[in-house]
Amino acid sequence: MTPATQYPCDPEGVCMRCKSMPPPEESLTCGTCVTPWHVSCLLSPPETLSATLQWLCPDCSGETNPLPVSGVAAGYGSVGSDLVAAIHSIEADETLSAEEKAKKKQQLLSGKGVVDEDDEEEKKKTSKGKKPIDVLSHFECSFCMQSLQKPVSVRVLFALALMLVWFLESTPCGHNACLKCFLKWMGQGHRSCGTCRSVIPESMVTNPRINLSIVSAIRLARVSEKADARTSKVVHYVDNEDRPDKAFTTERAKKTGNANASSGKIFVTIPRDHFGPIPAENDPVRNQGLLVGESWKGRLACRQWGAHFPHVSGIAGQASYGAQSVVLAGGYDDDEDHGEWFLYTGSGGRILKGNKRTNTVQAFDQVFLNFNEALRLSCKLGYPVRVVRSTKDKRSPYAPQGGLLRYDGVYRIEKCWRIVGIQGTHKMCRFLFVRCDNEPAPWTSDEHGDRPRPLPNVPELNMATDLFERKESPSWDFDEGEDRWRWMKPPPASKKAVKNVLDPEERKLLREAIKSANPNTMRARLLKEFKCQICQKVMTNPVTTPCAHNFCKACLESKFAGTALVRERGSGGRKLRSQKSVMKCPCCPTDIAEFVQNPQVNREVAEVIEKLKKQEEEENAKSLDEGQCSGTSHEEEDDEQPKKRIKLDTDAEVSATVVESDMK
DNA sequence: ATAAAAGTGGTT
DNA sequence: AACCACTTTTAT
Numbered sequence: 001m002t003p004a005t006q007y008p009c010d011p012e013g014v015c016m017r018c019k020s021m022p023p024p025e026e027s028l029t030c031g032t033c034v035t036p037w038h039v040s041c042l043l044s045p046p047e048t049l050s051a052t053l054q055w056l057c058p059d060c061s062g063e064t065n066p067l068p069v070s071g072v073a074a075g076y077g078s079v080g081s082d083l084v085a086a087i088h089s090i091e092a093d094e095t096l097s098a099e100e101k102a103k104k105k106q107q108l109l110s111g112k113g114v115v116d117e118d119d120e121e122e123k124k125k126t127s128k129g130k131k132p133i134d135v136l137s138h139f140e141c142s143f144c145m146q147s148l149q150k151p152v153s154v155r156v157l158f159a160l161a162l163m164l165v166w167f168l169e170s171t172p173c174g175h176n177a178c179l180k181c182f183l184k185w186m187g188q189g190h191r192s193c194g195t196c197r198s199v200i201p202e203s204m205v206t207n208p209r210i211n212l213s214i215v216s217a218i219r220l221a222r223v224s225e226k227a228d229a230r231t232s233k234v235v236h237y238v239d240n241e242d243r244p245d246k247a248f249t250t251e252r253a254k255k256t257g258n259a260n261a262s263s264g265k266i267f268v269t270i271p272r273d274h275f276g277p278i279p280a281e282n283d284p285v286r287n288q289g290l291l292v293g294e295s296w297k298g299r300l301a302c303r304q305w306g307a308h309f310p311h312v313s314g315i316a317g318q319a320s321y322g323a324q325s326v327v328l329a330g331g332y333d334d335d336e337d338h339g340e341w342f343l344y345t346g347s348g349g350r351i352l353k354g355n356k357r358t359n360t361v362q363a364f365d366q367v368f369l370n371f372n373e374a375l376r377l378s379c380k381l382g383y384p385v386r387v388v389r390s391t392k393d394k395r396s397p398y399a400p401q402g403g404l405l406r407y408d409g410v411y412r413i414e415k416c417w418r419i420v421g422i423q424g425t426h427k428m429c430r431f432l433f434v435r436c437d438n439e440p441a442p443w444t445s446d447e448h449g450d451r452p453r454p455l456p457n458v459p460e461l462n463m464a465t466d467l468f469e470r471k472e473s474p475s476w477d478f479d480e481g482e483d484r485w486r487w488m489k490p491p492p493a494s495k496k497a498v499k500n501v502l503d504p505e506e507r508k509l510l511r512e513a514i515k516s517a518n519p520n521t522m523r524a525r526l527l528k529e530f531k532c533q534i535c536q537k538v539m540t541n542p543v544t545t546p547c548a549h550n551f552c553k554a555c556l557e558s559k560f561a562g563t564a565l566v567r568e569r570g571s572g573g574r575k576l577r578s579q580k581s582v583m584k585c586p587c588c589p590t591d592i593a594e595f596v597q598n599p600q601v602n603r604e605v606a607e608v609i610e611k612l613k614k615q616e617e618e619e620n621a622k623s624l625d626e627g628q629c630s631g632t633s634h635e636e637e638d639d640e641q642p643k644k645r646i647k648l649d650t651d652a653e654v655s656a657t658v659v660e661s662d663m664k
């Protein structure tokens with residue numbers, strides 16, 4: 001079918017075509033994707049020296065692209081999350097023993113039940129008698145063909161015709177690439193997927209983000225290969241969206257956008273000026289400490305779990321003491337994020353008088369005072385600085401997606417200096433952060449944390465003024481013997497009291513709430529699996545469309561109320577042929593007009609919901625026995641309610657939902 | 001006491 | 001997407 005007999009070298013450096021390990025002089029590395037190839041196995045090896053220097057591999061040059069354009073199918077883009085979901089369901093199955101779970105995971109990961117389309121490549125490999133398909137081969141970079149490093153899922157444009165109007169939408173084309181390979185490809189001016197040639201939208205070019213589902217899947221797969229007990233950590237990392245982080249946001253706060261002003265109690269028992277990781281003993285609610293990869297919906301929750309205390313400022317610190325944490329939220333254009341290291345910009349230099357919080361114009365030079373001096377001090381003493389990344393950072397591929405803030409571990413500030421910023425008018429304080437955490441970063445599939453790494457090359461240092469580098473030995477450093485980062489000098493003694501923390505009763509309530517929000521509980525399954533996609537509540541009289549989407553019967557009917565199946569098309573007295581109305585499924589482009597005429601309740605789904613609700617009621621009754629539930633009597637009048645009233649959203653929502661859907 | 005701070009939800 | 005009103009926490 002195609003003359004596709006060219007293969008690169010595998011990760012071990014063995015040519016996948018001739019199966020030999022080419023000597024260095026016969027190995028040629030692609031200028032785009034840095035994959036090594038065996039020269040004598042190439043169909044058209046470069047002929048001149050300059051051609052050799054700028055050589056692009058067959059995949060990157062696109063000369064002999066063996067893969068047909070496969071149209072737009074939901075491909076690998078969704079594999080990551082599907083696979084993770086499948087792994088979780090195995091984990092959650094209590095009827096299985098540990099070994100059975102491991103076995104099931106192995107089966108799953110060996111390629112069965114994981115998309116079959118797009119697998120020309122796989123077929124070729126197997127037919128050639130190459131290694132059996134394992135999960136990692138599903139996660140190869142489409143440029144370098146090696147295990148994905150910092151995977152990005154390529155999105156491409158496709159045209160969608162709805163009601164005679166064409167929409168340009170973007171969708172994963174099913175091809176994943178290492179961030180590095182993708183950026184190189186883009187840097188060469190390409191604007192199409194290297195594999196399927198579909199056009200890549202500008203948003204993908206300017207803002208590629210690492211696909212954390214794939215990272216999780218790779219990590220889970222590795223864990224599962226070892227069949228050891230590290231899964232819980234990884235699972236936490238995947239599912240932390242389900243925690244009731246907003247538990248302490250008051251109704252009043254939510255109403256008027258005052259959330260930042262209503263920051264509640266702190267869940268961890270560390271002082272505000274605590275440096276470095278937060279250990280389990282300071283986390284009486286969960287007893288696990290602050291974990292790398294945890295994420296929150298807002299600065300409030302981020303503050304409550306101790307990652308970063310100020311809820312507006314990007315820097316936490318004191319000029320005479322040091323800086324404890326920073327947030328990367330793209331507030332300053334000069335920031336430059338490379339994941340394991342980044343260049344951070346100081347604060348200040350802007351006129352923010354009155355309420356001009358949105359002013360981004362630099363009006364004067366930044367100086368090493370206040371927060372900037374705090375950062376410089378942390379640099380001087382080599383303190384660990386907690387780093388939080390926000391979705392708001394639109395330029396960083398490492399930023400989390402979905403309006404979140406994520407704790408990424410501790411970094412050290414190795415150097416700081418000043419240089420005129422991007423706006424070209426005033427000097428900015430600059431800080432070189434390098435990661436030094438014992439846990440792997442959220443975007444790597446590594447199992448281990450950081451090892452000391454050489455400082456990156458920072459070109460702008462040539463033009464820098466006021467350069468400051470640490471002279472003394474760092475307080476937080478890598479212990480070769482213990483193979484981990486630790487305090488080499490005692491951490492600075494806190495100057496502040498631990499305050500505004502939960503009392504024991506509140507802790508208990510929160511612990512309960514977290515337990516309830518655990519994705520394996522009935523409650524969470526109710527919420528997740530049986531939510532009506534229109535009213536977002538657990539379904540009442542569930543109906544399932546031909547396109548397999550679920551809604552409350554009433555919600556669906558009211559959506560199309562007043563739309564007749566057949567429309568008369570008439571002008572004046574003349575009658576034209578009547579036309580069928582198109583009724584688009586609220587979740588997909590499928591026309592469900594016929595279905596809507598007489599939707600039948602899905603009895604099976606309804607029964608499952610009934611069962612789950614009953615179980616949940618029993619659970620609730622039990623927990624009511626154990627401890628007095630806080631008055632979750634909603635309906636507070638919005639004028640004079642106590643400012644810091646505690647409200648457990650999750651509980652309130654769930655019980656309200658159940659009551660409603662209980663009605664016939 | 002004062003002003004800065006990489007926020008938040010709602011509205012143009 | 002830009003603006004706005006509403007606010008708290010923090011450092012000094």
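With my numbering, the residue at position 211 of the first sequence is 211, and numbering never jumps. Glycine included, every Cβ here is placed at the ideal spot set by N, Cα and C.
- As computed with DSSP, Cys178 is found in a beta bridge with Pro151.
- Under the DSSP assignment, Met204 falls outside any beta strand (DSSP E), being part of the alpha helix (DSSP H) whose first and last residues are Glu202 to Thr206.
- Ser170 has its alpha-carbon roughly 19 Å from the corresponding atom of Trp185.
- With fewer than 16 other Cβ atoms inside 10 Å of its own Cβ, Cys18 counts as exposed.
- Ser390: member of the beta strand (DSSP E) spanning Val385 to Ser390, first to last residue.
- In the displayed model, Gly322 falls within a strand according to three-state DSSP.
- When C-alpha distances from Trp476 are compared across Met488, Pro172, Glu469 and Thr465, the shortest belongs to Met488.
- Taken through DSSP and simplified to helix, strand or coil, Ala301 comes out as helix.
- Annotation for Arg376: the continuous alpha helix (DSSP H) segment containing it runs Asn370 to Leu381.
- In terms of CA proximity to Lys150, Pro400 leads the group Pro400, Asp466, Arg430 and Ser203.
- According to DSSP, residue pairing for Glu336 in a beta bridge involves Leu343.
- For the 7 Å CB-CB criterion, Pro172 and Arg197 do not form a contact.
- Val596 carries a helical assignment under DSSP once its states are collapsed to helix, strand and coil.
- By the CB criterion at 7 Å, Ala329 and Ala374 fall outside the cutoff.
- Secondary structure of Pro400 (DSSP, three-state): coil.
- Your pair Thr195 and His175 checks out as a contact, with CB atoms roughly 5 Å apart and the cut at 8 Å.
- Under the 8 Å Cβ criterion, the segment 271-284 does not count as touching the segment 411-419, having fewer than three qualifying pairs.
- For Arg286, the closest C-alpha among the options Val152, Glu505, Arg511 and Glu439 is that of Arg511.
- The criterion of a C-beta distance shorter than 7 Å is satisfied by Glu414 and Leu455.
- Thr269 and Glu460 have their alpha carbons spaced roughly 41 Å apart.
- Secondary structure note for Cys429: its beta strand (DSSP E) is the uninterrupted segment Lys427 to Arg435.
- Apart from the 5 residues on each side of it in sequence, Asn541 sits with its Cβ closer than 8 Å to the Cβ of Cys552, Lys553, Ala554, Val601 and Ala606 in its chain, given in chain order.
- Taken through DSSP and simplified to helix, strand or coil, Ile419 comes out as strand.
- Contact between the segment 420-440 and the segment 390-400 is absent: fewer than three C-beta pairs spanning the two stretches fall below 8 Å.
- In this structure, the beta-carbon distance from Arg386 to Ala307 falls below 7 Å.
- Of the candidates Lys559, Ile609 and Lys611, Lys559 places its Cα closest to the Cα of Ala593.
- A direct Cα-Cα distance of roughly 19 Å separates Met539 from Gln597.
- DSSP links Ile609 through a beta bridge to no other residue.
- The shortest C-alpha to C-alpha distance from Phe468 to any of Trp296, Glu439, Cys429 and Pro452 is the one to Cys429.
- In the structure shown, the three-state DSSP call for Leu352 is coil.
- For Glu469, the enclosing beta strand (DSSP E) stretches over residues Thr465 to Glu469.
- Of Gly339, Asp408 and Ser581, the smallest CA-CA separation from Gly562 is found for Ser581.
- DSSP lists no bridge partner for Asp408.
- Between Ser396 and Asp337, the C-beta gap is smaller than 7 Å, which places the two residues in contact.
- DSSP, read as helix, strand or coil, puts Ile210 in strand.
- For His448, the closest C-alpha among the options Arg412, Asp483, Tyr344 and Ala564 is that of Asp483.
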